[in-house]
Every structure is written in structure tokens, then in C-alpha cells.
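Undergrad:
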Amino acid sequence: MRNAYLTYAARRIAQAVAVVLLAYVFTFVVVSILPGDPVSTILHDPQNGFTDEEIREIIAAQGLDQPIAVQLWTALSHFVTGNLGLSMRSGRPVATLLAEVLPSTLILASAGFAVALLLAAVIAYGTQFLPARFGQGLLRGFPSLFLSVPNFVIGLVLIHAFGFQLGLFRVIEPNSFWATLFAALALGIPISAQIAEVLIANLDHEARQEYAAVARSRGLGQVGLFVKHLLKPSSLPVVTVIALTIGELLGGSLITETVFGRTGVGSLVQRSVTTQDLPVLQTVVSLAAVVFVGVNLLADLVYPLLDPRVTLVGSGRSRQAGAEDPATQTTEAVTA
Amino acid sequence: MSLAVPPSAGRTPLLRAGCLPAAALRGLSALRLPASVVLSLAIVALVIGWSLAPGLFTGQDPVIGVPADKLLAPSLAHWFGTDHLGRDLYARVVYGTASSVTSALIAVTIGVVAGGTVGLLAGFFGGWVDTVIARLVDVLLAIPNFLLAVIVVTALGFDTLNVAIATGVSAVAVFARVMRAEAIKTRQATFVEASFLLGGSRWHILTRHVLPNASRSALPLAVLQFGLSILVIASLAFLGYGDPPPASDWGLLISIGKDYLKWPWLVYAPAFVTITTVLSVNRISRWLRRID
Numbered sequence: 001m002r003n004a005y006l007t008y009a010a011r012r013i014a015q016a017v018a019v020v021l022l023a024y025v026f027t028f029v030v031v032s033i034l035p036g037d038p039v040s041t042i043l044h045d046p047q048n049g050f051t052d053e054e055i056r057e058i059i060a061a062q063g064l065d066q067p068i069a070v071q072l073w074t075a076l077s078h079f080v081t082g083n084l085g086l087s088m089r090s091g092r093p094v095a096t097l098l099a100e101v102l103p104s105t106l107i108l109a110s111a112g113f114a115v116a117l118l119l120a121a122v123i124a125y126g127t128q129f130l131p132a133r134f135g136q137g138l139l140r141g142f143p144s145l146f147l148s149v150p151n152f153v154i155g156l157v158l159i160h161a162f163g164f165q166l167g168l169f170r171v172i173e174p175n176s177f178w179a180t181l182f183a184a185l186a187l188g189i190p191i192s193a194q195i196a197e198v199l200i201a202n203l204d205h206e207a208r209q210e211y212a213a214v215a216r217s218r219g220l221g222q223v224g225l226f227v228k229h230l231l232k233p234s235s236l237p238v239v240t241v242i243a244l245t246i247g248e249l250l251g252g253s254l255i256t257e258t259v260f261g262r263t264g265v266g267s268l269v270q271r272s273v274t275t276q277d278l279p280v281l282q283t284v285v286s287l288a289a290v291v292f293v294g295v296n297l298l299a300d301l302v303y304p305l306l307d308p309r310v311t312l313v314g315s316g317r318s319r320q321a322g323a324e325d326p327a328t329q330t331t332e333a334v335t336a
Numbered sequence: 001m002s003l004a005v006p007p008s009a010g011r012t013p014l015l016r017a018g019c020l021p022a023a024a025l026r027g028l029s030a031l032r033l034p035a036s037v038v039l040s041l042a043i044v045a046l047v048i049g050w051s052l053a054p055g056l057f058t059g060q061d062p063v064i065g066v067p068a069d070k071l072l073a074p075s076l077a078h079w080f081g082t083d084h085l086g087r088d089l090y091a092r093v094v095y096g097t098a099s100s101v102t103s104a105l106i107a108v109t110i111g112v113v114a115g116g117t118v119g120l121l122a123g124f125f126g127g128w129v130d131t132v133i134a135r136l137v138d139v140l141l142a143i144p145n146f147l148l149a150v151i152v153v154t155a156l157g158f159d160t161l162n163v164a165i166a167t168g169v170s171a172v173a174v175f176a177r178v179m180r181a182e183a184i185k186t187r188q189a190t191f192v193e194a195s196f197l198l199g200g201s202r203w204h205i206l207t208r209h210v211l212p213n214a215s216r217s218a219l220p221l222a223v224l225q226f227g228l229s230i231l232v233i234a235s236l237a238f239l240g241y242g243d244p245p246p247a248s249d250w251g252l253l254i255s256i257g258k259d260y261l262k263w264p265w266l267v268y269a270p271a272f273v274t275i276t277t278v279l280s281v282n283r284i285s286r287w288l289r290r291i292d
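Listed in order, the protein sequences are those of chains L and V.
If you're matching positions, the first sequence starts at 1 in the UniProt record's numbering and goes up one per residue.
If you're matching positions, the second sequence starts at 1 in the UniProt record's numbering and goes up one per residue.
(1) Rounded C-beta distance between Ala176/V and Val113/V? I'm assuming under 8 angstroms.
(2) Can you name, in chain order, every residue of its own chain whose Cβ lies under 6 angstroms from the Cβ of Ala271/V, other than the five neighbours on each side?
(3) Check Pro308/L in the structure and name its three-state DSSP category.
(4) Looking only at C-alpha atoms, which of Ala124/L, Pro237/L and Ile68/L sits nearest to Val302/L?
(5) In this structure, how does DSSP classify Gln329/L when only helix, strand and coil are distinguished?
(6) I want to verify the contact list: residues of chain L whose CB lies under 7 angstroms from the CB of Ala271/V, in sequence order.
(7) Relative to the C-alpha of Glu257/L, which candidate in Phe182/L, Thr81/L and Leu21/L has its C-alpha closest?
(8) Among Leu41/V, Leu219/V and Leu252/V, which has the Cα closest to the Cα of Arg289/V?
(9) Which ranges does the alpha helix (DSSP H) cover as unbroken runs of at least 4 residues, wholly within the region 210–286 of chain L, from first to last along the chain?
(10) Does chain L have any CB closer than 7 angstroms to the CB of Pro220/V?
(11) Is Asp88/V helix, strand or coil when you go by DSSP?
(12) Is the beta carbon of Pro62/V less than 7 angstroms from the beta carbon of Gly251/L?
(13) So, is the C-beta of Val239/L closer than 7 angstroms to a C-beta in chain V?
(14) By the DSSP assignment, the alpha helix (DSSP H) with Lys185/V in it spans what residues?
(15) Determine the burial state of Ile189/L: buried for a count of at least 16 other Cβ atoms within 10 Å of its Cβ, exposed for fewer.
(16) Report yes if the CB atom of Gln225/V is closer than 7 angstroms to the CB atom of Gly111/V, and no otherwise.
(17) To the nearest whole angstrom, what separates the beta carbons of Thr82/V and Gly65/V, a pair I think is in contact under 8 angstroms?
(18) Tell me, please, which residues DSSP counts as bridged to residue 293/V.
(19) In this structure, how does DSSP classify Leu86/L when only helix, strand and coil are distinguished?
(20) Evaluate the contact criterion for the region 82–91 of chain V versus the region 46–61 of chain V: three or more CB pairs, one atom per stretch, below 8 angstroms.
(21) What in chain L is Cβ-close to Leu266/V, meaning under 8 angstroms?
(22) Of the residues Leu121/V, Trp250/V and Trp287/V, which one's Cα is nearest the Cα of Thr277/V?
(23) Counting only C-beta atoms, is Leu22/L closer than 7 angstroms to chain V at any point?
(24) Among Ser90/L, Ala69/L, Arg89/L and Leu98/L, which residue has its Cα nearest to the Cα of residue 344/L?
(25) Sorted by chain position, which residues of the same chain lie with C-beta nearer than 7 angstroms to Val129/V's C-beta, five sequence neighbours on each side aside?
(26) According to DSSP, Pro54/V sits in a beta bridge with which residue or residues?
(27) Restricting to Cα atoms, I'd like to know which of Ser51/V, Leu72/V, Val101/V and Pro34/V is closest to Leu228/V.
(28) So what does DSSP say about Pro246/V, is it helix, strand or coil?
(29) Look up Pro93/L in the DSSP assignment and give the residues it is bridged to.
(30) Buried or exposed, going by whether 16 or more other CB atoms sit within 10 Å of the CB of Trp203/V?
(31) For Leu156/V, does the three-state DSSP call read helix, strand or coil?
(32) Decide if Tyr211/L is buried, meaning its Cβ has at least 16 other Cβ atoms within 10 Å, or exposed.
(33) Chain L beta carbons: is any one of them nearer than 7 angstroms to that of Val139/V?
(34) Please tell me whether His205/L has its Cβ less than 7 angstroms away from any Cβ of chain V.
(35) Taking CB distances under 7 angstroms as the criterion, tell me whether Pro34/V reaches chain L.
(36) Answer yes if the region 232–244 of chain V comes into contact with the region 206–221 of chain V, meaning at least three C-beta pairs across the two stretches below 8 angstroms, and no otherwise.
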């Protein structure tokens, strides 16, 4: 078991590193091979007033006259050694730009994540124990409703209702407590839906098991049953889903920051897209891939330790558990 | 004798009013459709109607407004109210439907065709083909969906078609993964083995047995992705990566409306249409998965 786990872990780590490097290459290739050429568009923009001579100089200085493969190699080796390059627009190091905006996004993302988890838990709890006449069916509809609402609409509704009508926060102070809380709500609500869907399915599954009936017959109350027995086995598979939602958290913060007027990684991306600042975009996308792959790697590594039913068989790539166990389905979704 | 009249008799003349709808309704009831699915289908049909023939649904002009009538609240004359240039918002939503829906269709088509083909080949042939494709899909999955779409649209340039392509590219991995899993499952089925032993060529087995079986489960996914694509495209349009005004994509309408939050219907009306459409599409997808 010990050895099998180590082999499995080593394999997953190697895989993750390869995926991150390939993601960097992929982004680079997309940006350089697709028909549009932002660099020459910027340079030839008459507003910038470069002469042909100057344009040639700039291109040579940036190494843009080299073949794509050479450029890619230079960029990739810089990325691996932690040199993120310079912003094409401002000329400042991308690392500095990112460091300036990262704290704000981290606050928003973690608050949004907390909102998502809390909301998912509340909804899932409600679907188990709310009597049908008090709207259990309605509660079960919440996840699919949340998944159908664009998060910028949630943001705008919150701003309109709580900012304008109730005056809880002012839009021009995006970093105040209330503004941050509502931004986190806008970010967290669609993500809570995905977690809640899996959690509800698992709770339904566990509640039908015999041990739940036994616990009930021994006189355990609803809250006790939920906390002591159902929650743990149901939330294990959720670990994987949570890891998968990290990507949405990153993408969602882009829009949420725009809606709420916050400065953060999202607004940096938005600005870089409109000015076609490729080094910044390349870095943000690659780092997003690093975070996403890293979190999923962590989930995959922790999972076999948390859930003794998951056994690592043979090469370590295939994992087996009970055929009907939702755990396998969700973990397989990551490795497949 | 009146007691003998079955309770449904009162409704029959209504059904007979139009022969075609009556037949369609009977067909629907034969399928035993839940009411919510019927409603969803009706909404999707309406949206398709809007995109095919917007002129049939509104007499107002979506581009040229009446400045005197600007920022009117919703009323009988202007169902969704009017915007800051006095244009009828309902007309703008209706005329913006074609581009919103077509983009989502293009995105799903790209996802299904590219992702489906790649996944099918990987699952069917296995070996190194599978290894290479599986790793590529991993890479696509590693980049958050929305960021992937953003970077593709940045490289291609800002317009609605490119937004659709970018959304499609970000959906490729999902379809590749599902089709691969389905192809692997089908390849091991007994009837495929039988067909192979009877002398069926690989191409024959791929197109006649594996593809039809594998694509069954891709249908609900494609429908679900259609709804998701509407949302992603609306988000990209909201950020201003699509066609500029006077185009009236749903996301763009919401984005314009956010600067006029004192007149909230400018946000709520297009948002309501978007949400209702996506909800209906998702409901249909769930239903398709259940009857499968």
C-alpha cells in the first residue's frame, strides 16, 4: 500500500508538471500562430508614431524576429526559472504588476469560495431535512437555477438591490467590507451550485443506506444523523469537485471584478486583453493553469489517504472502488 | 347522460382548432412529457422564432429610437421599456437573439465535431493515439475555461464570430473526454466484437457501431453545452469582446444597461431572457439524459 501510493504520487506529480509546461506551450502557440498579430497592430498604430526603423529595432530587441520555436524556448525557460518578462504596454515587470493586484483577488476568491461552500452545505442540508411542504423541491431546483444565471447578472442585481436601493455599500468604494461581501456572493453563487449538486446526490445516496436507517431507528435526530453520519461520507467526493471549481473561481473573478470595479488579477487581464498585452496574458493564463493543476494534484494525492475505500491498483493510474460509489465517478473524471 | 361525457371532452375542440398543433400535442402526450419540459420546449421554440424572423415578433426598430421616448418603464407599448436612445428594448432583445443563439450553436458545433472526433479516435484506437490525445485534453482542461476563451478571442480579434469560436475551443476538451469514455465502453461490447469477427472493417465498426452508440450520451451533453455557451458568450459580450453596439447581443445589452442602473429594466429584461433560455435548455438536457 505504502509503495503503491508513492508510485502513484510520483506519477501524478510528473503528470502535473508536464501538463503545466504543455499548457504554457499551448497558450504561447495560440497567441503566436492564430491569424491576428497584436504586436504589429500596436507598433503600426499611427497613434504610437513609430518609424519603420524603430519598429524593426523594437522587434529585434524583443526577439520577435526569431523563429517561433526559438521564441518559445526562450520564453519557456524564462518561465520555468521564474522570469515572467516585461509588460508590453507599461514596460514594467509582469511579476510586479501581478504582485500589486494579487492580494485583492486572493481576498475575493477566498471569500467567494467560502460563500460557495457554505451555501452548498446549507442547500444540501435543506434538501435532506426540509419537509416537502416547506419547499424542499424548490430548494432542489436552486443549483440548476444558479447554474443558469450569469454571474455578472447576480453582481448587477446585488449592486442594484443592496447598493442602490438599500444603500448598504457604495459602488465607488469597491474594497469596503460590504462591497467585498457582495462581490464574493456574486462569485460564489454559481460555484456553490456545482458543489451542491454533487453533495445532494451523495447525501441522497447515503441517506438510503442501511446504516442511516439504523441510526434513525436508534433515535438519532436529523441534525445528529446529518452531522455524525451522512456529512463525512458525502463530502469526500466533493473534494474533487471543489478542486475542479477552482478554475471557475479564477475565471469568475475576472467578470466579478469588472462588475464591482475592483482592481485585481481580473481587471489586469481585462486591461491586457483590450491593449493586447500578450506577456501579461501569457503569464496569468499559465499561472492559472499552475494553480488549477496544483489544487487538483493535491486533491488527487489527499483523496486515497482520506478515503480508505479507494485502493490503488497495479500501475497506480487506475483506481477502483465499489462500482456504484459516486466517489469513483468523480475521481475518474479528473484522471480520465 | 351528461355525466357520461369524459372530463377531457371539453378540451377537444380546442385541440382540433389547428390540425398540426393537435397532432403535435398528441405526439407530445404520447411521450408523456412533464409540464416543465413542454414549457421549456415552448420557450426554446420562441427563442428560435425570434432568431429566424425577428420582424414577425416586433414592429419596432432595434437601431433607430425615438429620443422623446427614452428610458420609459416597461408598458404595453414597450414591453421591456426603452433605452437611453429611446429604442424599444424588446425589439433590441428580439433582434439580438439571432447572433446570441447562432454563436452558441457555432460554439457547440465546434465542441462536438472537434472534441467528438478526437475523443472517438482516441477511445477507438487506443494505444499511443489515445495517450497523446488524452494528454492534450488534460492540457486543455488545465486552463480555466473562461480564460481559455478570453485568450483565444484576444488572438483572433474582437467580434461575435470569434467569440463563438473561442467558446467552442474551450468546450472541445469536455466532448473529447466524454466521447473517449463512451468509445472505450462501446468498443468492448459483444456486438462490436461480433461485427469484427463477421469481417467488419475498422471504418465500418467505427461509423456504424461505435459512433451511433457513443453519440447517444453526447446529445444531452451538447444541449447542456448549448446553454453553457449562451452564458459564456454573454459574458464575453458583456466584457466587450463581441460586436460593438448597435449590435444587441444579450450580454452586450446587459453591459449597456449596467451604466443605467437607475432604470433597472435595462439590465433585468435581457437578463431575464438569457436566464429563462438557459434554464429551459438545461431542463431539456436533463430530460434527455433521463429518457436515454
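The beta carbon of each residue, even a glycine, is placed where N, CA and C say it ideally should be.
TA: This is what the structure holds:
(1) Position 176 of the second sequence, counted from the start, is the residue given in the question as residue 176/V. Position 113 of the second sequence, counted from the start, is the residue given in the question as residue 113/V. About 11 angstroms separates the beta carbon of Ala176/V from that of Val113/V, a gap too long to meet the 8 angstroms contact definition.
(2) What you label residue 271/V is simply residue 271 of the second sequence in a count that begins at 1. The residues are Ile254.
(3) Indexing the first sequence from 1 puts residue 308/L at position 308. In the structure shown, the three-state DSSP call for Pro308/L is coil.
(4) Against the first sequence, residue 302/L aligns to sequence position 302. Of the listed residues, the one whose Cα sits closest to Val302/L is Pro237/L.
(5) Here residue 329/L refers to the residue found at position 329 when the first sequence is read from its first residue. Residue confidence is low: Gln329/L scores 38 on pLDDT, short of 50, so the model does not pin down where it sits. No coordinate-derived value is stated.
(6) Position 271 of the second sequence holds residue 271/V. Those within 7 angstroms of Ala271/V in chain L are Val153.
(7) Position 257 of the first sequence holds residue 257/L. If we check each option's Cα against that of Glu257/L, Phe182/L comes out closest.
(8) Here the question's residue 289/V lines up with position 289 in the second sequence. Per the Cα distances, Leu219/V.
(9) Counting whole runs of 4 or more residues, the region 210–286 of chain L contains the alpha helix (DSSP H) stretches 210–217, 231–235, 238–260 and 265–274.
(10) By one-based count along the second sequence, residue 220/V stands at place 220. Residue contact with chain L for Pro220/V: absent (no Cβ-Cβ distance below 7 angstroms to any residue of chain L).
(11) Here residue 88/V refers to the residue found at position 88 when the second sequence is read from its first residue. DSSP places Asp88/V in strand when its eight states are reduced to three.
(12) Along the second sequence, one-based indexing puts residue 62/V at 62. Along the first sequence, one-based indexing puts residue 251/L at 251. It is not a contact, given that the beta carbons lie outside the stated cut-off.
(13) As a working mapping, residue 239/L is identified with position 239 in the first sequence. It does not; no Cβ of chain V falls within 7 angstroms.
(14) Locating residue 185/V in the second sequence gives position 185, counting from the first residue. Membership of Lys185/V in the alpha helix (DSSP H) is indicated by the continuous run Thr160 to Arg187.
(15) Stepping through the first sequence from its first residue, residue 189/L is reached at position 189. The residue is buried, with at least 16 neighbouring Cβ atoms inside 10 Å.
(16) Residue mapping note: residue 225/V aligns to position 225 of the second sequence, counting from 1. Residue mapping note: residue 111/V aligns to position 111 of the second sequence, counting from 1. In this structure, the beta-carbon distance from Gln225/V to Gly111/V falls below 7 angstroms.
(17) Working through the second sequence from its first residue, we reach residue 82/V at position 82. Working through the second sequence from its first residue, we reach residue 65/V at position 65. About 7 angstroms separates the beta carbon of Thr82/V from that of Gly65/V, a gap short enough to meet the 8 angstroms contact definition.
(18) Coverage of chain V is limited to positions 1 through 292, which leaves residue 293/V absent and any answer about it impossible.
(19) What you label residue 86/L is simply residue 86 of the first sequence in a count that begins at 1. Residue state, collapsed to three classes: strand.
(20) The region 82–91 of chain V, when compared against the region 46–61 of chain V, does touch it at the 8 angstroms Cβ threshold.
(21) Along the second sequence, read from residue 1 onward, the residue named residue 266/V stands at position 266. Around Leu266/V, no beta-carbon contact reaches into chain L at under 8 angstroms, the shortest distance being about 10 angstroms.
(22) Start at 1 with the first residue of the second sequence, and residue 277/V comes out as number 277. It is Trp250/V.
(23) One-based indexing of the first sequence puts residue 22/L at position 22. The beta carbon of Leu22/L falls within 7 angstroms of a beta carbon belonging to chain V, placing the residue at that interface.
(24) The question about residue 344/L has no answer here: the residues shown for chain L are numbered 1 through 336.
(25) The residue given as residue 129/V occupies position 129 in the second sequence. Leu121 and Ala122.
(26) By one-based count along the second sequence, residue 54/V stands at place 54. Pro54/V is bridged by DSSP to nothing; it lacks a bridge partner.
(27) As a first step, residue 228/V is located in the second sequence; it is residue number 228 there, counting from the start. Among Ser51/V, Leu72/V, Val101/V and Pro34/V, the Cα nearest to that of Leu228/V is on Val101/V.
(28) Taking the second sequence and counting its residues from 1, one reaches residue 246/V at position 246. Look at Pro246/V here: in three-state DSSP terms it is coil, with no helix or strand label.
(29) Within the first sequence, residue 93/L is the residue found at index 93, counting from 1. In the DSSP output, where bridge partners are listed per residue, Pro93/L has Leu86/L.
(30) Residue 203/V sits at position 203 when you count from the first residue of the second sequence. Exposed, by the Cβ-count rule.
(31) Locating residue 156/V in the second sequence gives position 156, where the first residue counts as 1. Residue state, collapsed to three classes: helix.
(32) Against the first sequence, residue 211/L aligns to sequence position 211. Looking at its Cβ environment, which holds fewer than 16 other Cβ atoms inside 10 Å, Tyr211/L is exposed.
(33) Within the second sequence, residue 139/V is the residue found at index 139, counting from 1. Using a CB distance cut-off of 7 angstroms, Val139/V counts as an interface residue toward chain L.
(34) In the first sequence, residue 205/L corresponds to position 205, counting from 1. Not an interface residue.
(35) Position 34 of the second sequence holds residue 34/V. By this cut-off, Pro34/V is not an interface position.
(36) Taking a cut-off of 8 angstroms on C-beta distances, the region 206–221 of chain V does not touch the region 232–244 of chain V, as fewer than three cross pairs fall below it.
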